[in-house]
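Residue numbers (my numbering), protein chains in the order written: chain A, 140 to 368; chain B, 503 to 587. Cβ coordinates follow ideal geometry from the N, Cα and C atoms, glycine included. No experiment lies behind these values; they were computed from the predicted model shown. Taking it in order: structure first as structure tokens, then the write-up.
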Amino acid sequence: MPKKVVSIVVFPGSNCDRDLDIAVRKYMNVNTELVWHNETSIKNQEMIFIPGGFSFGDYLRSGALATKSPAMKEVIRLSKKGIPIIGICNGFQILTECKLLDGALIDNYKRLFVCKENFVKIENKNTPFTENISKNVVQFPIAHAQGRFYTSEDNLKRLEDNNQIVFKYSSRDGKINKSQNPNGSMNNIAGIINKEKNILGLMPHPERAVNFSEDNDGISFFRGLQYLL
Amino acid sequence: MNLRKLLKMIYRVYINFKKGILDPEAEAIKRTIDSMGYKTIKNISKGKFFDIEISSSKNTFGDLEKISSDLLSNPIIENFKIIKK
């Protein structure tokens, strides 16, 4: 049987698309198609990834200009059909700017670009994207300057009530506290899902946690995604 | 006055953070001003503006409002204000 094909949308300034491509092909056992941002249609609709980087130079606000790309208009249309969509880092910023996910990702609390390994607790395992990850706390690299998740108090409550908060920055043993919060995100939020549970956004980079050993947590993240296809 | 200049239609769109959102850049600027010895500066907020020249007055304000809310600002975190220059 031919391998299934998932799409990775690439913008001018994306720089995690190749890493993601390698991780997805290797650990999801699929083929990939890189879709340039000015494509008006996305042929392979099994799953769509929006990669990290600095789309359009992060001009205006991170992710803002990418939302108007023809390929993103198509992603927005396909999202209504329930197709699984994952945005990582700048991809998460793009998905919030498109209003496909709630909230906004703004300058880190200390205005520093943070680039390090961080523990991340899986807050909700009852999602298609996380149900097959065996660990409760994973270690993923983070690398961003605008990762401080912000939303109104009402929306935050709604996200919590609907169990839409999927990842939180945590300690190794899963404790959520301020000292483990690298960017000042509300309630340590590192990743959320939409209400319909087909769109996931996260700031950490699972595609950068696949290289060194079979224990790397990015591998279980991508292996778990196979079951969505 | 130069007629061409008189006929130029330029609008300025101001964008700033909504109240209650911490702006670490404005905070850092405030701390530096404090360190310069000024004692009377209570608070600083930072924003940006866009000067937009348009070619027709038809639907201008509606278009500018839409551009401002759809792209130039993010309504979750920012307010905008449009003035005619």
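So, is residue i buried or exposed, given that buried needs 16 or more other C-beta atoms within 10 angstroms?
i	result
tyrosine 366/A	exposed
cysteine 155/A	buried
serine 191/A	According to the sequence provided, residue 191/A is glycine. The question's serine does not apply to it. So glycine 191/A counts as buried.
glycine 539/B	exposed
glutamate 567/B	exposed
tyrosine 198/A	exposed
leucine 364/A	buried
lysine 142/A	exposed
phenylalanine 258/A	buried
leucine 251/A	exposed
leucine 509/B	exposed
threonine 290/A	buried
glycine 330/A	buried
arginine 200/A	buried
serine 180/A	exposed
isoleucine 171/A	In the sequence on display, residue 171/A carries threonine and not isoleucine. Counting Cβ neighbours within 10 Å, threonine 171/A comes out buried, since at least 16 surround it.
isoleucine 187/A	buried
asparagine 576/B	buried
glutamate 357/A	Note on identity: in this sequence residue 357/A is glycine, with glutamate being the wrong assignment. Label assigned to glycine 357/A: buried.
alanine 530/B	exposed
asparagine 355/A	buried
In the DSSP output, what is residue i paired with across the bridge?
i	result
glycine 152/A	Answer by DSSP bridge pairing: none, since glycine 152/A is not bridged.
lysine 255/A	Ile281/A
arginine 514/B	Asp553/B, Ile585/B
phenylalanine 188/A	Ile147/A, Ile225/A
threonine 171/A	Val145/A
leucine 341/A	Ile227/A, Gly330/A
arginine 297/A	Answer is none; arginine 297/A lacks a bridge partner.
isoleucine 245/A	Arg287/A
lysine 260/A	Val276/A, Lys307/A
glutamate 580/B	Phe519/B
Determine, using beta carbons only, whether residue i and residue j come nearer to each other than 8 Å.
i	j	result
asparagine 247/A	glutamine 285/A	yes
valine 305/A	isoleucine 332/A	yes
arginine 287/A	leucine 234/A	no
asparagine 183/A	valine 148/A	no
methionine 511/B	glutamate 580/B	no
glutamate 353/A	alanine 162/A	no
isoleucine 315/A	serine 324/A	no
tyrosine 513/B	lysine 560/B	no
glutamate 262/A	lysine 307/A	yes
proline 526/B	lysine 165/A	no
asparagine 294/A	lysine 334/A	no
asparagine 275/A	lysine 296/A	no
glycine 230/A	isoleucine 189/A	yes
isoleucine 578/B	glycine 196/A	no
phenylalanine 361/A	methionine 167/A	yes
phenylalanine 582/B	serine 570/B	yes
methionine 211/A	cysteine 228/A	no
lysine 220/A	proline 267/A	no
I believe residue i touches residue j by the beta-carbon criterion, under 8 Å. Please report the beta-carbon distance rounded to the nearest angstrom.
i	j	result
valine 169/A	leucine 368/A	7 Å
alanine 528/B	isoleucine 546/B	5 Å
serine 359/A	serine 273/A	6 Å
valine 253/A	asparagine 322/A	6 Å
Practice task
Evaluate the contact criterion for the segment 273-289 of chain A versus the segment 507-520 of chain B: three or more CB pairs, one atom per stretch, below 8 Å.
Solution key: no
Handout entry: Three CB pairs or more closer than 8 Å across the segment 172-180 of chain A and the segment 202-209 of chain A
Key = yes
Practice task
Inspect the CB distances between the segment 340-348 of chain A and the segment 216-229 of chain A and report whether three or more fall short of 8 Å.
Solution key: yes
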